[in-house]
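In my numbering, the protein residues as written are 120 to 272.
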């Protein structure tokens, strides 16, 4: 595993969401206030993240993830509600240097960057969530279904 892979932890929030609804709200918000400028800043962060990764500045990459989180979650209340913000705050308090809500937002998966010596503390703080192991793959995009049957019993 690469150092970056070892420092990334993936958790399922156990919350499903309607991506179309979130993306529609997000698009409507772009006409308001500085939302478009926020999205422009998020695009610039992609290049900064790429530069950090090429320079092997993983903690710098984590800081960019955190900045992107702050920006993305300010775009629409549907992207990150109180419970999602609480998950992120718990992760940061437990040692994560940055993270992101994957996809459109509202639930699904959250990815956190955390040094190895803090990972058990992070897992403990997010014990109500399901952690998924993952590895980088050069094979391209694949659809993965996560089914939680715990509510059925």
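Beta carbons: idealized from backbone N, C-alpha and C, even for Gly.
Segments assigned beta strand (DSSP E), at least 3 residues, entirely inside the segment 146-213: Those beta strand (DSSP E) runs which fall completely within the segment 146-213 and span 3+ residues do not exist here.
Using a Cβ-Cβ cut-off of 7 Å (strictly less than) and excluding sequence neighbours within five positions of residue 210, which residues of its own chain qualify? Excluding residues within five positions, the ones whose Cβ falls inside 7 Å are 218, 231, 241, 244, 245.
Let's test the definition: count the other Cβ atoms within 10 Å of the Cβ of residue 221 and tell me whether it reaches 16, buried, or not, exposed. In the assembly as shown, residue 221 is an exposed residue. Its beta-carbon has fewer than 16 other beta-carbons within 10 Å.
How many angstroms separate the CA atom of residue 256 from the CA atom of residue 186? Near 26 Å, if we compare the C-alpha coordinates of residue 186 and residue 256.
Going by alpha carbons, who is nearest to residue 161 out of 188, 171, 170, 172? Nearest of 188, 171, 170, 172 to residue 161, Cα basis: 188.
By alpha-carbon positions, which one of 252, 248, 155 ends up nearest to residue 126? The option with the nearest alpha carbon to residue 126 is 252.
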